[in-house]
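Chains A and B, in that order, give the protein sequences.
For what it's worth, the numbering used here labels the leading residue of the first sequence as 40, then goes sequentially.
For what it's worth, the numbering used here labels the leading residue of the second sequence as 42, then goes sequentially.
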Amino acid sequence: MGELIFMGIVAVVALIMFIMTYSFPTSIIDKSGGAALFPRIVMLLLLFFMILRVVEIIRKKELHKKFAFIEIFEGSRLVYILSTLAYMISIRYMGYIITTAAYLIFTIIYFYKKETGEDFKKIRLVLTILINAALVTGVYFIFSDVLNILLPEGIIRR
Amino acid sequence: MDVIMSVLTPENLLLIFAGVVVGNVFGTIPGLNAPIAVALVLPITFSMETLPAICLIMGLYMGCVSGGLISAILLKIPGTAASIATTFDGYPMAKSGRATEALSYGAFASIFGGIFSSICLLLLAPWLSKMAIGFGPWEYFATATLSLVLVCVMLRGKVLKAFIALCLGLLLKTVGSSPVDGVALRYTFGNYNLESGFNLIVVIIGVFALPEIIHSIKNIHAKVKPMPVKRRLFYLPKLSSIKNNLFTMIRGSILGTFIGILPGMGSGAASLISYSQAKRTSKNPEKFGTGCEEGIYCCESANNATTGGALIPMLSLGVPGDTVTAIIMGALALQGLTPGPLFSMNNEMLFRAIIFSVFVANIFMFLYQITTIRYMAKITEVLKSYLYPWVTVFCVTGVISIKNNVFDLLYLMVFGLIGYILDKNGYPISPFILAFVLGGIIEENLRRSIINYDTFLNAVTTNFGFGSVFVILAALLPIIYGINYIRKERKHGG
Chain A
40 MGELIFMGIV AVVALIMFIM TYSFPTSIID KSGGAALFPR IVMLLLLFFM ILRVVEIIRK
100 KELHKKFAFI EIFEGSRLVY ILSTLAYMIS IRYMGYIITT AAYLIFTIIY FYKKETGEDF
160 KKIRLVLTIL INAALVTGVY FIFSDVLNIL LPEGIIRR
Chain B
42 MDVIMSVLTP ENLLLIFAGV VVGNVFGTIP GLNAPIAVAL VLPITFSMET LPAICLIMGL
102 YMGCVSGGLI SAILLKIPGT AASIATTFDG YPMAKSGRAT EALSYGAFAS IFGGIFSSIC
162 LLLLAPWLSK MAIGFGPWEY FATATLSLVL VCVMLRGKVL KAFIALCLGL LLKTVGSSPV
222 DGVALRYTFG NYNLESGFNL IVVIIGVFAL PEIIHSIKNI HAKVKPMPVK RRLFYLPKLS
282 SIKNNLFTMI RGSILGTFIG ILPGMGSGAA SLISYSQAKR TSKNPEKFGT GCEEGIYCCE
342 SANNATTGGA LIPMLSLGVP GDTVTAIIMG ALALQGLTPG PLFSMNNEML FRAIIFSVFV
402 ANIFMFLYQI TTIRYMAKIT EVLKSYLYPW VTVFCVTGVI SIKNNVFDLL YLMVFGLIGY
462 ILDKNGYPIS PFILAFVLGG IIEENLRRSI INYDTFLNAV TTNFGFGSVF VILAALLPII
522 YGINYIRKER KHGG
């Protein structure tokens, strides 16, 4: 059932996108069909293949087959996604070094416990913080000073 | 000679070696693979010159494909899809106390296959380029379309899902300004960040790296125990073993190169087909699956031979043979180069240097593997709680370094979720990503062809050549597959 819902959502989005193609500007001398031609062909093909897939699901009785989606938002996966999203959003304001080091320290501590079933010992914790902070600073300087690639500076402006 | 000297500079050799080392690590760790490794280094190559960037990428590519054999043999977990068949005999051999031998056979077969295919690349790519020199928009459209159809049709058992993934990729590629006229903005919703469409590198990192982490992080507590490896400096296979399996390696390399040329087949399919061929023609087929040498030689030579094979259509036609070559095509585009029929003629030195770098990367990969086998085994024991956060950081660093734009990070996560949903529900990722790479070429050349010939039908009938034949094939292949599928279903039903 999950796959049918997924395809239903995709079909609705595709239909909306199809309708939107009518607002794309087309030059009067362009005989190729303009900017709308290709998206229309693709959307018709997509709808065609999805209809075939729905028929296949019904014929093969795959209606009750589990569809992987909800599991993304459960347990460790949810923690990973939320922490990564927070990291991505805050990188602009806090800068690369601070957010990356904070993200690494938080996720490493959290997933270490999940992986080994043990808490961080004090020495290990201090070493993890120091080593990761140093490595992040190293990566930042390699990118900015050696490779001349800009990374967000945030609150630590040079 | 100039070509050889251009690659044999200390800087380039160091980059190839670094690529091989990092690639081997990525290949060894289950869940990390060549597309992830190559995609992650792409941002670093921005600021590099063309040849050093290519050297780094080729080292990574060769290292990754070969690195998968270590975890396949020691843990029965193929590090990459290319090493699935290696587990069949590699793991039983390791279990019987011959892990060192199994690893050395795999390393030797890898270099054999890699060098064989790089020679094929040297001989075949210029010939194909000359053949394709007369390509117009119609032929480009036809070749790219046929290769996408081939990718889907060859994914047996998943063809319908492959076509859906392909269409989704093509649809997402249409976001941004349209080709040919370039003024029509499509699906941007007034967001200027979307005007140039989704960045290929962000999409690649999103659909390859993040889904693997999201998937694996749930089972982070799962423990693996590797096999003990002998403490020796060099691990070379015995000469008699090489002699006895020479024909197996040659056959595996030919198969691998040919399968590499075909779009979408990939190294996983090559090693499995080579394994079944070797078993079918072997004098002792009953030994397969129990830890026989032939079983390792055949699949490792085949999977490494696909590397050169996949580069042939990319360099000569501008059509990538697999996902990694699609990303490499993106890397060349970043350097202002367009692979295709004119590439080997306009950039002859660079073209030959690329092939020579493949050659050198294979040699480095072999030397590295035979000397570090016992240390490589330790990589499989790296704590995932350190590994996954760092891989995520490299993904974010790679994406943010492209344009220093946080918006790219947001759709990186969206593509990560799309990749997860597709991959974990049996929708293959390769058609999705190849559609993203070739979508622009297909649309632009389709529109140019229609402008040239007035209608699509005129384009097919006027100047009837292999362009039209390819288009007809692209239309017929799914129909033929569909008819065969229905027949089989009816047979099973009856």
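Every residue gets a Cβ at the ideal spot worked out from N, C-alpha and C, and that includes glycine.
All of these numbers come straight from a predicted model, not from anything done at the bench.
CA-to-CA distance, residue j to residue i, given in whole angstroms
i	j	result
A:T176	B:S308	38 Å
B:H533	A:L91	19 Å
B:L458	B:L164	42 Å
B:V469	B:F448	As written in the sequence, residue 469 of chain B is Pro, which differs from the Val given in the question. B:P469 and B:F448: Cα-Cα distance of roughly 27 Å.
B:S281	B:E334	11 Å
B:R489	A:T60	19 Å
B:Y522	B:V194	7 Å
B:L358	B:P178	13 Å
A:M56	B:Y228	8 Å
A:V52	B:L241	22 Å
A:G134	B:F507	54 Å
B:Y338	B:G147	6 Å
B:G350	B:A166	10 Å
B:A374	B:I368	10 Å
B:A80	B:I246	6 Å
A:M40	A:G47	10 Å
B:G68	A:G73	44 Å
B:M46	B:Y427	40 Å
B:K136	B:N446	50 Å
B:T127	B:T331	12 Å
B:S323	B:E485	49 Å
B:M454	A:V118	14 Å
B:T91	B:L49	15 Å
B:T502	B:V512	11 Å
A:Y126	B:T438	11 Å
B:I492	A:S71	5 Å
B:G210	B:P519	18 Å
B:K328	B:L463	38 Å
Interface partners of residue i on chain B, CB under 9 Å
i	result
A:K70	I491, I492, D495 and T496
A:I130	V437, I441, V447 and L450
Buried versus exposed call for residue i [16 or more other C-beta atoms within 10 Å across all chains shown]
i	result
B:R139	buried
B:N344	buried
B:N260	exposed
B:I111	buried
B:N74	buried
B:P326	exposed
B:R197	exposed
A:N171	buried
B:A13	In the structure as shown, chain B starts at 42 and stops at 535, and residue 13 of chain B therefore has no counterpart that could be examined.
B:E180	buried
B:M390	exposed
B:R528	exposed
B:V192	buried
B:V106	buried
B:C202	Here residue 202 of chain B turns out to be Lys, not Cys, going by the sequence shown. Burial call: buried.
Where residue i meets chain A, residues with beta-carbon distance less than 9 Å
i	result
B:H262	K153, E154, T155 and G156
B:V224	P64, S66 and A74
B:N53	Correct list: empty, because the minimum Cβ distance to chain A is about 17 Å.
Chain-ordered neighbours of residue i on chain B, where CB pairs are closer than 7 Å
i	result
A:V178	T438
A:L121	In chain order: nothing, as chain B lies at least about 11 Å away.
A:F57	By Cβ distance, chain B contributes nothing, its closest Cβ being about 10 Å from A:F57, past 7 Å.
A:L189	N445
Residue i: contacting residues in chain A (beta-carbon distance under 7 Å)
i	result
B:A183	The premise fails here: B:A183 is roughly 15 Å from chain A at the closest Cβ pair, so nothing lies under 7 Å.
B:Y427	I147
B:S219	A74
B:R227	F63, A74 and P78
B:C208	V81, L84, L85 and F88
Bridge partner(s) assigned by DSSP for residue i
i	result
B:G217	B:R227
Under 8 Å by beta carbon: chain A residues contacting residue i
i	result
B:T215	F77, P78 and V81
Contact list for residue i against chain B, beta-carbon separation under 8 Å
i	result
A:M127	V437, V447, L450, L451, L453 and M454
Original post:
Which residues, in order along the region 106-119 of chain A, keep a beta-carbon less than 7 Å from a beta-carbon of chain B?
Top reply: Taken in chain order, the members of the region 106-119 of chain A whose beta-carbon sits within less than 7 Å of a beta-carbon on chain B are F106, A107, F108, I111, G114, S115, R116 and Y119.
Original post:
Name the residues in the region 430-462 of chain B whose C-beta lies less than 8 Å from a C-beta of chain A; which are they?
Top reply: The region 430-462 of chain B vs chain A, Cβ under 8 Å: P430, W431, T433, V434, V437, T438, I441, S442, N445, V447, L450, L451, L453, M454, L458, Y461 and I462.
**OP:** With 9 Å as the C-beta to C-beta threshold (strictly closer), list the residues of the region 152-173 of chain A near chain B in chain order.
**Re:** For chain B, the residues of the region 152-173 of chain A that bring a beta carbon within less than 9 Å of one of its beta carbons are K152, K153, E154, T155, G156, T167 and N171, in chain order.
Subject >> Residues of the region 58-92 of chain B with Cβ closer than 9 Å to any Cβ of chain A, in chain order >> reply: P84, I85, F87, S88 and M89
**OP:** Could you list the residues in the region 82-96 of chain A with a C-beta less than 7 Å from some C-beta on chain B, going in chain order?
**Re:** M82, L84, L85, F88, M89, L91, R92 and E95
Subject >> Where the region 247-259 of chain B meets chain A: residues whose CB sits under 9 Å from a CB there >> reply: L251, I254, I255, H256, I258 and K259
**OP:** Pull out every residue of the region 502-528 of chain B whose Cβ sits closer than 7 Å to any Cβ of chain A, in chain order.
**Re:** The region 502-528 of chain B vs chain A, Cβ under 7 Å: nothing.
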